[in-house]
Amino acid sequence: MKEILGCIKLAQEEFHMFDEGDVVAVGLSGGKDSMTLLHALNLYRRFAPVNFTLKAVTVDMGFEGFDRETLTAFCREWETDFILEKTRLGEMIFEERQEKNPCSLCSRMRRGILHRVCEENGVTKLALGHHGDDLLETFFMSMLYESRVNAFKAVTAFERTDLIQIRPLIYAEESQVREAAFRHSIPTVTNPCPASGETRRQEVKEALEAFLQRTGRPRSNMIRALCRSEIVL
11 MKEILGCIKL AQEEFHMFDE GDVVAVGLSG GKDSMTLLHA LNLYRRFAPV NFTLKAVTVD
71 MGFEGFDRET LTAFCREWET DFILEKTRLG EMIFEERQEK NPCSLCSRMR RGILHRVCEE
131 NGVTKLALGH HGDDLLETFF MSMLYESRVN AFKAVTAFER TDLIQIRPLI YAEESQVREA
191 AFRHSIPTVT NPCPASGETR RQEVKEALEA FLQRTGRPRS NMIRALCRSE IVL
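The sequence shown begins at 11 in the working numbering and counts up one residue at a time.
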(Lines of atoms letter the chains of each structure in order from A; the text may use other names.)
(Lines give C-alpha, C1' and ligand atoms only; values in the text may rest on other atoms or scores of the structure.)
Protein backbone atom coordinates (compact mmCIF):
# COMPACT_ATOMS: atom_id res chain seq x y z
CA MET A 11 0.00 0.00 0.00
CA LYS A 12 2.99 2.27 0.46
CA GLU A 13 3.51 2.39 -3.32
CA ILE A 14 -0.16 3.24 -3.92
CA LEU A 15 -0.06 6.03 -1.34
CA GLY A 16 3.09 7.36 -2.99
CA CYS A 17 1.29 7.46 -6.35
CA ILE A 18 -1.65 9.34 -4.81
CA LYS A 19 0.75 11.77 -3.13
CA LEU A 20 2.48 12.41 -6.48
CA ALA A 21 -0.87 12.92 -8.23
CA GLN A 22 -1.85 15.47 -5.58
CA GLU A 23 1.44 17.31 -5.96
CA GLU A 24 1.20 17.49 -9.75
CA PHE A 25 -2.54 17.84 -10.34
CA HIS A 26 -3.87 19.33 -7.04
CA MET A 27 -6.74 16.87 -6.92
CA PHE A 28 -7.88 17.52 -3.34
CA ASP A 29 -8.77 20.87 -1.82
CA GLU A 30 -9.52 21.85 1.75
CA GLY A 31 -13.06 20.85 2.75
CA ASP A 32 -13.72 18.65 -0.29
CA VAL A 33 -16.41 15.99 -0.15
CA VAL A 34 -14.91 13.19 -2.22
CA ALA A 35 -17.00 10.30 -3.51
CA VAL A 36 -15.31 7.17 -4.81
CA GLY A 37 -17.15 5.55 -7.72
CA LEU A 38 -17.26 2.08 -6.17
CA SER A 39 -17.83 -0.70 -8.72
CA GLY A 40 -16.60 -3.50 -6.48
CA GLY A 41 -13.55 -4.27 -8.62
CA LYS A 42 -10.01 -4.26 -7.23
CA ASP A 43 -9.28 -0.75 -8.55
CA SER A 44 -12.13 1.14 -6.91
CA MET A 45 -12.02 -0.92 -3.71
CA THR A 46 -8.27 -0.35 -3.37
CA LEU A 47 -8.77 3.36 -4.08
CA LEU A 48 -11.31 3.69 -1.26
CA HIS A 49 -8.99 1.80 1.09
CA ALA A 50 -6.01 3.97 0.10
CA LEU A 51 -7.84 7.30 0.32
CA ASN A 52 -8.99 6.47 3.84
CA LEU A 53 -5.33 6.02 4.73
CA TYR A 54 -4.08 8.97 2.67
CA ARG A 55 -6.35 11.54 4.28
CA ARG A 56 -4.66 10.86 7.62
CA PHE A 57 -1.54 12.66 6.38
CA ALA A 58 -2.86 14.61 3.36
CA PRO A 59 -1.97 18.31 3.20
CA VAL A 60 -5.69 19.18 3.14
CA ASN A 61 -8.76 17.89 4.99
CA PHE A 62 -11.49 16.12 3.02
CA THR A 63 -14.30 13.69 3.74
CA LEU A 64 -15.08 10.47 1.89
CA LYS A 65 -18.20 8.84 0.54
CA ALA A 66 -18.73 5.90 -1.81
CA VAL A 67 -21.27 5.72 -4.64
CA THR A 68 -22.25 2.55 -6.48
CA VAL A 69 -24.45 2.36 -9.56
CA ASP A 70 -26.27 -0.97 -9.38
CA MET A 71 -26.78 -2.07 -12.99
CA GLY A 72 -29.55 -4.47 -12.00
CA PHE A 73 -27.69 -7.65 -12.97
CA GLU A 74 -28.74 -10.76 -11.12
CA GLY A 75 -26.22 -11.88 -8.51
CA PHE A 76 -24.61 -8.49 -7.91
CA ASP A 77 -23.01 -8.62 -4.44
CA ARG A 78 -24.19 -5.46 -2.68
CA GLU A 79 -23.52 -6.86 0.80
CA THR A 80 -19.74 -6.95 0.34
CA LEU A 81 -19.68 -3.28 -0.69
CA THR A 82 -21.90 -2.30 2.22
CA ALA A 83 -19.73 -4.17 4.72
CA PHE A 84 -16.49 -2.71 3.30
CA CYS A 85 -17.79 0.86 3.60
CA ARG A 86 -19.08 0.16 7.09
CA GLU A 87 -15.62 -1.10 8.09
CA TRP A 88 -14.12 2.25 7.05
CA GLU A 89 -17.06 4.24 8.46
CA THR A 90 -17.64 5.63 4.97
CA ASP A 91 -21.08 6.79 3.86
CA PHE A 92 -22.30 4.41 1.16
CA ILE A 93 -24.81 5.46 -1.50
CA LEU A 94 -26.31 2.68 -3.63
CA GLU A 95 -28.20 3.82 -6.73
CA LYS A 96 -30.32 1.03 -8.17
CA THR A 97 -30.99 1.11 -11.94
CA ARG A 98 -32.21 -0.99 -14.87
CA LEU A 99 -29.21 -0.20 -17.07
CA GLY A 100 -28.28 -3.83 -17.62
CA GLU A 101 -31.77 -4.75 -18.82
CA MET A 102 -32.04 -1.62 -20.99
CA ILE A 103 -28.67 -2.11 -22.73
CA PHE A 104 -28.55 -5.88 -23.17
CA GLU A 105 -32.22 -6.89 -23.43
CA GLU A 106 -34.22 -3.93 -24.68
CA ARG A 107 -31.62 -2.28 -26.95
CA GLN A 108 -29.46 -5.38 -27.53
CA GLU A 109 -26.39 -3.23 -28.10
CA LYS A 110 -23.64 -4.92 -30.14
CA ASN A 111 -20.97 -2.68 -28.57
CA PRO A 112 -22.47 -1.96 -25.16
CA CYS A 113 -19.41 -0.69 -23.25
CA SER A 114 -19.34 2.88 -24.58
CA LEU A 115 -23.06 3.48 -24.01
CA CYS A 116 -22.94 1.82 -20.60
CA SER A 117 -19.98 3.95 -19.54
CA ARG A 118 -21.71 7.19 -20.55
CA MET A 119 -24.96 6.28 -18.83
CA ARG A 120 -23.27 5.13 -15.61
CA ARG A 121 -21.16 8.28 -15.53
CA GLY A 122 -24.24 10.44 -15.95
CA ILE A 123 -25.96 8.69 -13.06
CA LEU A 124 -22.84 9.00 -10.90
CA HIS A 125 -22.68 12.73 -11.56
CA ARG A 126 -26.34 13.22 -10.70
CA VAL A 127 -26.07 11.25 -7.46
CA CYS A 128 -22.94 13.17 -6.49
CA GLU A 129 -24.64 16.52 -7.04
CA GLU A 130 -27.64 15.39 -4.98
CA ASN A 131 -25.36 14.44 -2.08
CA GLY A 132 -23.12 17.50 -1.88
CA VAL A 133 -20.07 15.84 -3.45
CA THR A 134 -17.41 18.18 -4.83
CA LYS A 135 -14.97 15.60 -6.27
CA LEU A 136 -15.78 12.26 -7.92
CA ALA A 137 -12.78 9.92 -7.64
CA LEU A 138 -12.54 7.11 -10.19
CA GLY A 139 -10.30 4.07 -9.88
CA HIS A 140 -8.60 4.32 -13.27
CA HIS A 141 -4.87 3.62 -13.02
CA GLY A 142 -1.90 4.16 -15.33
CA ASP A 143 -2.48 0.99 -17.34
CA ASP A 144 -6.03 2.15 -18.06
CA LEU A 145 -4.53 5.41 -19.30
CA LEU A 146 -2.20 3.60 -21.70
CA GLU A 147 -4.97 1.37 -23.01
CA THR A 148 -7.30 4.31 -23.58
CA PHE A 149 -4.54 6.15 -25.44
CA PHE A 150 -3.89 3.26 -27.83
CA MET A 151 -7.60 2.50 -28.27
CA SER A 152 -8.24 6.08 -29.39
CA MET A 153 -5.61 5.76 -32.13
CA LEU A 154 -6.56 2.25 -33.25
CA TYR A 155 -10.34 2.59 -33.24
CA GLU A 156 -11.07 6.35 -33.39
CA SER A 157 -8.18 7.69 -35.52
CA ARG A 158 -7.32 10.33 -32.95
CA VAL A 159 -4.84 10.96 -30.16
CA ASN A 160 -6.78 11.06 -26.92
CA ALA A 161 -6.76 9.84 -23.32
CA PHE A 162 -8.70 10.58 -20.16
CA LYS A 163 -7.56 13.46 -17.98
CA ALA A 164 -6.23 13.35 -14.44
CA VAL A 165 -8.63 16.12 -13.42
CA THR A 166 -11.77 17.03 -15.35
CA ALA A 167 -13.95 20.06 -14.60
CA PHE A 168 -17.42 20.16 -16.16
CA GLU A 169 -18.99 23.31 -17.54
CA ARG A 170 -22.58 22.63 -16.47
CA THR A 171 -21.83 21.53 -12.91
CA ASP A 172 -19.49 22.30 -10.04
CA LEU A 173 -18.47 18.63 -9.79
CA ILE A 174 -14.84 17.80 -10.59
CA GLN A 175 -13.74 14.33 -11.63
CA ILE A 176 -10.35 13.05 -10.44
CA ARG A 177 -8.25 9.92 -10.94
CA PRO A 178 -5.91 9.61 -7.93
CA LEU A 179 -4.40 6.30 -9.16
CA ILE A 180 -3.24 7.70 -12.49
CA TYR A 181 0.43 7.14 -11.59
CA ALA A 182 -0.16 3.61 -10.27
CA GLU A 183 0.40 0.49 -12.33
CA GLU A 184 -2.23 -2.24 -12.36
CA SER A 185 0.25 -4.71 -10.88
CA GLN A 186 0.75 -2.38 -7.90
CA VAL A 187 -3.00 -2.14 -7.36
CA ARG A 188 -3.37 -5.91 -7.62
CA GLU A 189 -0.55 -6.49 -5.14
CA ALA A 190 -1.98 -3.99 -2.66
CA ALA A 191 -5.42 -5.58 -2.88
CA PHE A 192 -3.91 -9.01 -2.25
CA ARG A 193 -1.62 -7.99 0.62
CA HIS A 194 -4.36 -6.12 2.45
CA SER A 195 -7.09 -8.68 1.77
CA ILE A 196 -9.28 -6.07 0.11
CA PRO A 197 -12.54 -7.74 -0.91
CA THR A 198 -13.80 -7.53 -4.48
CA VAL A 199 -17.10 -8.19 -6.20
CA THR A 200 -17.34 -10.27 -9.37
CA ASN A 201 -18.46 -8.25 -12.37
CA PRO A 202 -21.74 -9.83 -13.58
CA CYS A 203 -21.72 -7.92 -16.89
CA PRO A 204 -22.10 -10.28 -19.92
CA ALA A 205 -19.47 -8.27 -21.84
CA SER A 206 -16.81 -8.53 -19.13
CA GLY A 207 -13.47 -9.71 -20.54
CA GLU A 208 -14.65 -9.68 -24.15
CA THR A 209 -14.06 -6.06 -25.07
CA ARG A 210 -11.71 -4.12 -27.34
CA ARG A 211 -9.99 -2.87 -24.23
CA GLN A 212 -9.09 -6.43 -23.29
CA GLU A 213 -7.56 -6.96 -26.73
CA VAL A 214 -5.45 -3.81 -26.37
CA LYS A 215 -4.47 -4.78 -22.81
CA GLU A 216 -3.13 -8.15 -24.00
CA ALA A 217 -1.29 -6.65 -26.99
CA LEU A 218 0.31 -3.95 -24.83
CA GLU A 219 1.38 -6.50 -22.24
CA ALA A 220 3.01 -8.66 -24.92
CA PHE A 221 4.88 -5.63 -26.32
CA LEU A 222 6.19 -4.54 -22.93
CA GLN A 223 7.33 -8.04 -22.04
CA ARG A 224 9.08 -8.47 -25.38
CA THR A 225 10.92 -5.13 -25.25
CA GLY A 226 11.62 -5.18 -21.53
CA ARG A 227 10.69 -1.50 -21.25
CA PRO A 228 9.05 -0.34 -18.00
CA ARG A 229 5.45 0.76 -18.44
CA SER A 230 6.07 3.45 -15.83
CA ASN A 231 8.00 5.42 -18.48
CA MET A 232 4.97 5.45 -20.78
CA ILE A 233 2.58 6.31 -17.94
CA ARG A 234 4.70 9.24 -16.76
CA ALA A 235 5.14 10.48 -20.35
CA LEU A 236 1.38 10.58 -20.88
CA CYS A 237 0.69 12.07 -17.45
CA ARG A 238 3.02 14.95 -18.23
CA SER A 239 1.66 15.58 -21.71
CA GLU A 240 -1.06 18.04 -22.72
CA ILE A 241 -3.37 15.09 -23.45
CA VAL A 242 -3.84 14.39 -19.74
CA LEU A 243 -3.41 17.89 -18.31
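Idealized CB from N, CA, C, for every residue including glycine.
- T63 is bridged by DSSP to V33.
- With a cut-off of 8 Å on Cβ pairs, the region 150-158 is not in contact with the region 183-196, counting fewer than three such pairs.
- Between L94 and H141, the C-beta spacing is not below 8 Å.
- Straight across, the Cα-Cα distance linking R177 with I103 is about 26 Å.
- Rounded to the nearest whole angstrom, the CA to CA distance from E169 to R211 is 28 Å.
- Exposure of H26 is indicated by the presence of fewer than 16 other C-beta atoms within 10 angstroms of its C-beta.
- Uninterrupted alpha helix (DSSP H) stretches at least 4 residues long and entirely within the region 41-123 occur at 42-54, 78-87, given in chain order.
- For T166, the uninterrupted beta strand (DSSP E) run begins and ends at 165-167, by DSSP.
- In the DSSP assignment, A220 falls outside any beta strand (DSSP E) and lies within the alpha helix (DSSP H) extending over 210-225.
- In chain order, V36, A137, G139, P178, L179 place their CB closer than 7 Å to the CB of L47, counting only its own chain and leaving out the 5 sequence neighbours on each side.
- Excluding its 5 nearest sequence neighbours in each direction, A58 has C-beta neighbours in its own chain below 8 Å: Q22, F28, listed in chain order.
- The beta carbons of Y181 and L20 sit about 5 Å from each other, so the pair counts as a contact at 8 Å.
- A straight line joining the alpha-carbon of V33 with that of K215 spans about 33 Å.
- Burial is judged here by how many other beta carbons sit within 10 angstroms of a residue's own beta carbon; G40 has at least 16 and is buried.
- Q175 is bridged by DSSP to L136, T166.
- In the DSSP assignment, I180 falls outside any alpha helix (DSSP H) and carries neither an H nor an E.
- The beta-carbon separation of T97 and M71, rounded to 6 Å, stays under the 8 Å limit for a contact.
- Taking a C-beta distance under 8 Å as the contact criterion, H125 and L173 qualify as a contact pair.
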